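**Student:** Residues 1 to 125 (UniProt numbering) are what the sequence shown spells out, left to right.
A single structure is presented below for examination.
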Amino acid sequence: MSTRSDNHHADIPPTRTAEPMDAPPLTEGSTTAQLKGDIDSGRTGDKTQVFDPGLSPLGTDDEAAGTPPTPAQVDQARHQESSARWKEGAEKDSYAHKDSRKALYAFVGFIGLVLVLFVGAVSIF
């Protein structure tokens, strides 16, 4: 008898949570699923661009209360989240700070400082 973990034909589709995901197209009449797609794709700058399996989809509470957002409200939210945030020139980090060298430069600088202090201390004695 096989279990789900060793049966590659299980009825649960595989999730790709570690792969970058593309942003949904910016269209009129947007849905909350597209807004969540913007967030998951990294377009809004809130997080890295991977799928985030939430317990309940974005907008579920509003729909349960009988007041789902209109497509115009979702369009406005998508526009504000994706473009207004970057007007001031904020730096957008992509997929887990891809190709970022800041930490490397800080580490090399720290090692250099330690070496200078060590050489200075040794030369005093």
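C-beta: ideal position from N, C-alpha, C; glycine also.
Quick caveat, the model's predicted, so the values are computed rather than measured.
Assess contact between the stretch 98 to 118 and the stretch 54 to 69, defined as three or more Cβ pairs (one per stretch) separated by less than 8 Å. Is contact present?
**Tutor:** No: fewer than three Cβ pairs fall under 8 Å.
**Student:** Straight-line CA distance for residue 45 to residue 37?
**Tutor:** In a straight line, the C-alpha of residue 45 is about 12 Å away from that of residue 37.
**Student:** Report buried or exposed for residue 119, applying the criterion of at least 16 other Cβ atoms within 10 angstroms of its Cβ.
**Tutor:** That one is exposed.
**Student:** Measuring alpha carbon to alpha carbon, tell me which of 122, 27, 42 ends up nearest residue 128.
**Tutor:** Nothing can be reported for residue 128, as the shown portion of the chain is limited to 1 through 125.
**Student:** Helix, strand or coil, according to DSSP, for residue 53 in the structure here?
**Tutor:** In the structure shown, residue 53 sits in coil (DSSP, three-state: anything other than H, G, I, E or B).
**Student:** Out of 31, 33, 50, 32, state which residue places its alpha-carbon closest to the alpha-carbon of residue 40.
**Tutor:** Here the closest residue by C-alpha is 50.
**Student:** Could you tell me whether the Cβ atoms of residue 32 and residue 59 are closer together than 7 Å?
**Tutor:** Cβ atoms of residue 32 and residue 59: closer than 7 Å.
**Student:** Express the C-alpha separation of residue 121 and residue 21 in angstroms, rounding to a whole number.
**Tutor:** Those two C-alpha atoms are separated by around 52 Å.
**Student:** With the cut-off set at 7 Å, would you say residue 57 and residue 30 are in Cβ contact?
**Tutor:** Contact: no.
**Student:** Tell me which same chain residues have a C-beta within less than 8 Å of the C-beta of residue 2, skipping the five on either side of it?
**Tutor:** With a pLDDT of 47 at residue 2, under the threshold of 50, the modelled position of this residue cannot be trusted, and the question is left open.
**Student:** If you compare alpha carbons, which of 81, 115, 27, 104 is closest to residue 47?
**Tutor:** The residue with the shortest Cα to Cα distance from residue 47 is 81.
**Student:** Output yes or no for whether 7 Å exceeds the beta carbon distance between residue 35 and residue 77.
**Tutor:** Cβ distance < 7 Å, so residue 35 and residue 77 count as in contact.
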